[in-house]
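Novice: Everything in the sequence shown is counted per this note's numbering, starting at 3 for the first residue and increasing by one.
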Amino acid sequence: MRDPAPSAVRLKDYAPPAFLIDSIDLEVELFEDHARVRARLAITRHLGAPRSPLVLDGEELELESVKLDGRALPSGEYALDAQHLSLEQVPERFRLETTCRIQPRANTKLMGLYAAESGFFTQCEAEGFRRITYFIDRPDVMAKYTVTIHADRQRYPVLLSNGNPVASGAGSSGRHWVKWHDPFPKPCYLFAMVAAKLDKLEDEFLTRSGRRARLAIYVDPGKLDQCGFAMQALKRAMKWDEEVFGLELDLDHYSIVAVGDFNAGAMENKGLNLFNTKYVLARPDTATDGDFLNIDRVVAHEYFHNWTGNRVTCRDWFQLSLKEGLTVYREQEFGADLYSRAVERIREVRHLRAAQFAEDAGPMAHPVRPDSYMEIGNFYTTTVYEKGAEVVRMIRTLIGAENFRKGMDLYFARHDGEAVTCDDFVRAMADAARTDLSQFMRWYDQAGTPVLETKGEYDAAGKRYSLAVKQSCAPTPGQDKKMPFHVPFSVGLVGPDGRDMLPEGTRVLSVRQPEERFVFENVEARPVPSLARDFSAPVIVNYDYTEAELTHLMAHDSDPFNRWNAGQRLALDIILRGIEAVKNGGRLAIPRAFLDASARLLADAPEDPAFAAEALALPSEGYIAEQVEIVDPDAIHAVRNELKRKLPSVLRQELLQAYRVNRTPGAYSPDAASAGKRALRNAALALLMELDEPEARALCMKQFEDADNMTDALAALALLANCDCPERERALDAFYAKWKDEPLVVDKWLGVQSTSRLPSVLAEVKRLMAHPAFNLRNPNKVYALIGGFRGNQVRFHAADGAGYAFLADQVNALDAINPQVAARMARGFDRWRKFDPRRQSHARAALERIRDTKGVSKGVLEIATLALA
Ligand code: 7ML
Ligand code: ZN
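#1: Any heavy atom of the ligand 7ML within a distance shorter than 6 Å of the CB on G267?
#2: Take the Cβ of R317 as the centre, count every other Cβ of all protein chains shown within 10 Å, and call the residue buried at 16 or more, exposed below.
#3: Any idea what DSSP makes of P761, helix, strand or coil?
#4: Can you tell me which of G861, R841, W834, P839 puts its alpha carbon nearest to the alpha carbon of V813?
#5: Around the ligand ZN, which residues pass a check of Cβ closer than 6 Å to any of its heavy atoms?
#6: Please tell me whether, using a cut-off of 6 Å, the distance from the CB of Y382 to the nearest non-hydrogen atom of the ligand 7ML is below it.
#7: Roughly how many angstroms lie between the CA atoms of D802 and L112, to the nearest whole one?
#8: Who does C316 pair with in a DSSP beta bridge?
#9: At a cut of 8 Å, does the segment 159-178 reach the segment 88-105 through at least three beta carbon pairs?
#10: Which value, in whole angstroms, describes the spacing of the CA atoms of I865 and M366?
#11: Residues in the same chain with beta-carbon distance under 6 Å from R528, minus the five sequence neighbours each way, listed in chain order, please.
#12: Taking 6 Å as the cut-off, is the CB of E270 close to at least one heavy atom of the ligand 7ML?
#13: Find the nearest neighbour of K723 within the set R107, F706, A739, judged by alpha-carbon distance.
#14: For R571 and L778, I'd like the C-alpha separation in whole angstroms.
#15: Strictly by DSSP, which residues pair up with I397?
#16: Below 8 Å on the Cβ atoms is my guess for F231 versus A284; work out the distance and round it to an integer in Å.
#17: Find the nearest neighbour of W445 within the set A463, T456, C424, judged by alpha-carbon distance.
#18: Less than 8 Å between the CB atoms is what I'm expecting for P531 and V493, so what's the real figure, rounded?
#19: Could you have a look at K856 and say whether DSSP puts it in helix, strand or coil?
#20: Pull up the distance between the alpha-carbon of F520 and that of L552, whole angstroms please.
#21: Along the chain, where does the alpha helix (DSSP H) containing H488 start, and where does it finish?
#22: Ignoring anything shorter than 4 residues or poking outside the segment 588-657, list the alpha helix (DSSP H) runs there in chain order.
#23: With distances taken Cα to Cα, identify the nearest neighbour of G224 among L200, G327, R216, R210.
#24: Just the Cα atoms here: how many angstroms apart are R40 and L58?
#25: Mind checking which residues open and close the alpha helix (DSSP H) that includes S468?
#26: By alpha-carbon positions, which one of R95, R97, G121, C475 ends up nearest to P106?
#27: Taking only heavy atoms of the ligand 7ML into account, decide whether any of them is closer than 6 Å to the Cβ of E377.
#28: Counting only the same chain and skipping the five closest in sequence on each side, list residues whose C-beta sits under 7 Å from that of A810.
#29: Since N711 contacts D287 with CB under 8 Å, what's their CB separation in whole angstroms?
#30: Taking just the CA atoms, how far does S651 sit from P505?
#31: Please identify the residue among G130, T135, L63 whose C-alpha is closest to the C-alpha of L98.
#32: Going by beta carbon distance, what residues of the same chain come within less than 7 Å of P19, once the five residues before and after it are set aside?
#33: Please work out which residues of its chain come closer than 7 Å, Cβ to Cβ, to K750, disregarding the five sequence neighbours upstream and downstream, and give them in chain order.
#34: Can you list, in chain order, the residues of its chain with a C-beta nearer than 8 Å to that of D433? Leave out the 5 residues immediately preceding and following it.
#35: Rounded to the nearest angstrom, what separates P93 and S77 at their Cα positions?
#36: Rounded C-beta distance between V541 and P621? I'm assuming under 8 Å.
Quick look at the structure:
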């Protein structure tokens, strides 16, 4: 194991809490320049815990008084430091009352209680509650909450917290109060409150057992016309969870509140979800197909947490994937059922390979269940979330859908109301399926992406096909040696006629040994193996396919994921060979087979336009970079674009045809079929724009001007933003003029500029930093402009190091405002060691500058230190 820094928290040090808090009565009085928080805690010593002192967490709190069982404590009877309030001697059972002052308006970290435009909001996961009051801030301490909020009625007419409203009234001088009670004991990270001026969309849902639940979505005044889709999404998710998992809502009130200043996407607080506006607000003219899809998924994700996260929660933060991996898996299945299963899977895997595989190969590599951290906020990662979801999916693949459902039922039956571990989850699955998943547990504890080296052999005389599989996993920081994984490996054999040769179509092999051989009998002809169908495990599969074999799979594989995958592999091979050739003074060679396969994709496109759009998209620059020894971002950019340009030069008519036939006349609808047509149409336009011809630009400009929906308008704008042409500025200016009062649309405008391929991007981004549309305090603005640039591989990794210096400046500036967002941006340096020495020296200097900044936050320090280690 890596030797963690002294301030690290370690999984192996877990001990149950010395005290439990049975209930908390919270009284919050909001004023313009501060808030007063009084908390009455009913505390009991836990189990026979030794006479340890009571230690409460607290951060940036101004303590006014402490009372124990009604007696005010003099300062000598408690100890205060920057992080804790400690009482040396306390009884077995007692009531503790603290009163604190806090400064929500000065809270720029957006953790705890903070002010945004329309009022006051909270975010407590993971460790924000300690910024509201002194408490034992860990998820295995679960209490019943009663919360009374007092505020000015005019400014803050809406006062919300978890559970049910039980009383309300008027106070003096225009103030009012509302009291909420949540009957479910919960960890403090699920606490939420809101005091704001908001509009409300109401609805209701009748659960299948007959409970009538009142649903509400609260948004900034004037935005009611943008929350209808989110409400429908919520009801779709509720129905789906009843049908697929037999899980019902357990509440009378379920509310979503949208807020424009929010670090994450959303938060599953019990009965009171808080959402980033970008996952609630949508109208055809303001939101893209992708936005609508994301709203469906994020609303579902937070709703699904009510069972996977809230009813059964995490014992400690190392178990984060217990709720996140499982909930992402559930959200993915919801997406697959609601949209296109194959296309959703392709998009998820594209993202996993680009982001999670890179994480696993870099300095932040960590297991799905990490074993140490300095700052838990840094572990809300693609490994914990998306690889965690793959781990859940692999369990289902191994034990089958029926056993998986039994396992879920058993998990809830055993652990409802508890705070548990990933072991508990897997044990429920293993017990339900009566199988042994002990080797499988290594997926939780070993970091890194396993590689399967595979070789096929066909014995024509014996009609036997054998597949040799050798697994390995490269060392990751702190884990030099890996034990073999238990890998579900779904295999099909595609015959010369394109049909599946195995009677069952797909066979799920269990790979457990470092080296194994699997034999298939009665195989009538030499097959092309279709490996890891539907991406059956988060691994890299190597097999020495010929070009002809890949095009055979592209054309015939019954598994759509592997049809797509074969095309990606073909394109990747061509690009990698091209990069090598260019390095040695040669040129990119584009085989006829690639152009034929692309033509075929276009010819078949009418059957499934969304699939065709995915299949026509080349592997991203970032993904290509992961496949080479030393990254030359300019070469990757040039070769990839040259390959991209070849398609319209050969297939111009076919692309124009695809552009023409995939119009979506009539009223806009974000359904999968319509969105798929727009995706293909815009992919065709993107390819035509590679020609850099006035006709294509005119077509693009016309689409931009005529579009009645944001999907088409933004697609055109992004293409224009990529070209150094007069239309570019015209379009960008028109777009801003039209949308300057819609913050989420302004984010898109910033995004197309920061992700443009023009060499002038850094200068533009710097200019936009000073634009009135930008605000370093708003996470969405930061993600759009700085985050967009950070992900712009060819420009961010400019050879002169200017991109690195810029990002370091911004990380430092942000760190003083919002360390969580700063740490996220700092992850842009993760892969610096994959670049050439010159770039490395610039990146190292930038990272050292971040690390050595006085007052650097723990989170940013952790990222910079690991990157430099
Ligand atoms: C993942 C979330 C967080 C952080 C939301 C915050 C959450 C923690 C929270 C998938 C879909 C939507 C949001 C998120 C996400 C990073 C990502 N509990 O619900 O997981
Ligand atoms: Zn989540």
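Built from N, CA and C at the ideal position, the CB exists for glycine as well.
Specialist: Working from what's here:
#1: yes
#2: buried
#3: Coil at P761, not helix or strand.
#4: G861
#5: Proximity annotation: the ligand ZN has residues H303, H307, E326, T329 in chain order, each selected because its CB is closer than 6 Å to a heavy atom of the ligand.
#6: yes
#7: 35 Å
#8: V422
#9: no
#10: 7 Å
#11: Contacts found: Y460.
#12: yes
#13: Residue 723 is actually Ala in this sequence, not Lys. Among R107, F706, A739, the Cα nearest to that of A723 is on F706.
#14: 40 Å
#15: Looking at the DSSP assignment, I397 forms no beta bridge with any residue, so it has no partner.
#16: 5 Å
#17: C424
#18: About 6 Å; that satisfies the 8 Å criterion.
#19: coil
#20: 22 Å
#21: Taken as a continuous stretch (DSSP letters only), H488 belongs to no alpha helix (DSSP H), as it is neither H nor E.
#22: 594-606, 611-618, 623-628
#23: L200
#24: 15 Å
#25: From DSSP, S468 is part of no alpha helix (DSSP H) but of the beta strand (DSSP E) over 466-474.
#26: G121
#27: no
#28: These residues qualify, in order along the chain: A848, R851, I852.
#29: 6 Å
#30: If you draw a straight line from the Cα of P505 to the Cα of S651, it is about 43 Å long.
#31: T135
#32: H48, I138, R140, D142, V143
#33: The residues are L716.
#34: G409, L412
#35: 18 Å
#36: Going by Cβ atoms, the distance from V541 to P621 rounds to 17 Å, so no, they are not a contact pair.
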